[in-house]
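All remarks here apply to the structure that follows.
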Amino acid sequence: DTGVSQNPRHKITKRGQNVTFRCDPISEHNRLYWYRQTLGQGPEFLTYFQNEAQLEKSRLLSDRFSAERPKGSFSTLEIQRTEQGDSAMYLCASSSPIRDEQYFGPGTRLTVT
Amino acid sequence: QKEVEQDPGPLSVPEGAIVSLNCTYSNSAFQYFMWYRQYSRKGPELLMYTYSSGNKEDGRFTAQVDKSSKYISLFIRDSQPSDSATYLCAMRVADTGRRALTFGSGTRLQVQP
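One line per chain: the protein sequences are A and B, in this order.
For what it's worth, our numbering labels the leading residue of the first sequence as 1, then goes sequentially.
For what it's worth, our numbering labels the leading residue of the second sequence as 1001, then goes sequentially.
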């Protein structure tokens, strides 16, 4: 069990560019979550998948954000037309069908210049 | 007013001290409670998970939940310099269709050798 992995670990982009992050959950975890964390704050929920179905979305997930989990395994989070306010750590977590605990990955740190 | 309030610290204690970390919450629908530890520029690491009022112990850590007062605590015994990190409380409602965690803003702990 290698834990939740996220790529890239760091991303620097210019305002207006699109970026995509990838999350690979713990194997056999069917639930996958995306959170965003800014400096000095706790993580804020963005969205949640059970298998390939996106079941819950936060109002923070504006129309510039889209998440997919096409085969119920890895997930991608895309931000279109990035803004400086999108600079944050993007965290992915997963949980198993039996237990409720969410286990987090190392995060992708996004800097929008 | 935030749903979950947590003193940001920093909390500085000498090695070997007992540490008490606390969160209050306003939403009585929260039924599941977690504590995470987060080192700088890393993802949160799950320490404790509980869903009932009372105490739960795991090694040097004890989680306490008082639902009547909407108050949760994490106690760390025999604190070590390696415990220096930010501690985040998190909670979620009992609705199985809603799995978003709501986090406090974190308390930064420094254990002095």
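Ideal Cβ placement from N, Cα and C applies to all residues, glycine included.
Treat the numbers as computed from the prediction; the structure is a model and nothing was measured.
Proximal residues of chain D, C-beta to C-beta of residue i below 7 angstroms
| i | result |
| --- | --- |
| Phe-1103 of chain B | The chain inventory of the structure shown lacks chain D, comprising the protein chains A and B. |
Selection from the options that minimises the alpha carbon distance to residue i
| i | options | result |
| --- | --- | --- |
| Leu-77 of chain A | A:Arg-99, A:Gln-41, A:Asp-24 | A:Asp-24 |
| Gln-1006 of chain B | A:Arg-31, A:Leu-55, A:Thr-47, A:Gly-42 | A:Gly-42 |
| Asp-1066 of chain B | B:Asp-1095, B:Pro-1113, B:Thr-1024 | B:Thr-1024 |
| Leu-39 of chain A | A:Gln-54, A:Asn-51, A:Met-89 | A:Met-89 |
| Ala-1017 of chain B | B:Arg-1092, B:Asp-1083, B:Asp-1095 | B:Asp-1083 |
| Gly-1054 of chain B | B:Ser-1026, B:Gly-1043, B:Ser-1069 | B:Ser-1069 |
| Leu-1046 of chain B | B:Ser-1026, B:Arg-1098, B:Ala-1063, B:Phe-1030 | B:Ala-1063 |
| Pro-70 of chain A | A:Ala-53, A:Tyr-35, A:Pro-8, A:Lys-11 | A:Ala-53 |
| Val-973 of chain B | B:Gly-1009, B:Asn-1027, B:Pro-1008, B:Gln-1001 | Absent from the structure is residue 973 of chain B, since the part of chain B shown begins at 1001 and ends at 1113. |
| Gln-37 of chain A | A:Gln-17, A:Leu-46, A:Arg-59 | A:Leu-46 |
7 angstroms CB neighbourhood of residue i in its chain, flanking five on each side removed
| i | result |
| --- | --- |
| Glu-28 of chain A | Ser-96 |
| Ala-1090 of chain B | Met-1034, Tyr-1036, Leu-1101, Thr-1102, Phe-1103 |
| Lys-57 of chain A | Thr-47 |
Close-in-space but distant-in-sequence residues of the same chain around residue i (CB under 8 angstroms, 5 per side omitted)
| i | result |
| --- | --- |
| Thr-13 of chain A | Val-19, Thr-82, Leu-110, Thr-111, Val-112, Thr-113 |
| Leu-55 of chain A | Tyr-48, Phe-49 |
| Arg-15 of chain A | Thr-82, Glu-83, Gln-84, Val-112, Thr-113 |
Nonlocal neighbours in the same chain, by C-beta distance under 6 angstroms from residue i, ignoring five residues either side
| i | result |
| --- | --- |
| Leu-1021 of chain B | Leu-1074, Tyr-1087, Thr-1107 |
Chain B contact residues for residue i, given Cβ-Cβ distances below 8 angstroms
| i | result |
| --- | --- |
| Phe-104 of chain A | Tyr-1036, Gly-1043, Pro-1044, Glu-1045, Leu-1046 |
| Arg-22 of chain A | None at all; the shortest Cβ gap to chain B is about 15 angstroms. |
| Ser-58 of chain A | Ala-1100 |
Residue i - partner residues in DSSP beta bridges
| i | result |
| --- | --- |
| Thr-1024 of chain B | B:Glu-1005, B:Tyr-1071 |
| Thr-113 of chain A | Answer is none; Thr-113 of chain A lacks a bridge partner. |
| Tyr-1036 of chain B | B:Leu-1046, B:Leu-1088 |
| Asn-18 of chain A | DSSP, once it has assigned bridges, lists no residue as partnering Asn-18 of chain A. |
Proximal residues of chain B, C-beta to C-beta of residue i below 7 angstroms
| i | result |
| --- | --- |
| Glu-28 of chain A | Within 7 angstroms Cβ-Cβ: nothing; Glu-28 of chain A doesn't reach chain B, min ~17 angstroms. |
| Gly-107 of chain A | Gly-1043 |
Interface partners of residue i on chain A, CB under 8 angstroms
| i | result |
| --- | --- |
| Ala-1063 of chain B | Within chain A, no residue comes near Ala-1063 of chain B; the closest Cβ sits about 13 angstroms away, beyond 8 angstroms. |
Contact set between residue i and chain A, taken where Cβ atoms lie within less than 7 angstroms
| i | result |
| --- | --- |
| Tyr-1032 of chain B | Asp-100 |
Cβ distance (whole Å) where residue i is taken to contact residue j below 8 angstroms
| i | j | result |
| --- | --- | --- |
| Val-1019 of chain B | Leu-1109 of chain B | 6 angstroms |
| Pro-106 of chain A | Gly-1043 of chain B | 5 angstroms |
| Tyr-1049 of chain B | Ala-1085 of chain B | With a Cβ gap of about 18 angstroms, Tyr-1049 of chain B and Ala-1085 of chain B do not count as contacting. |
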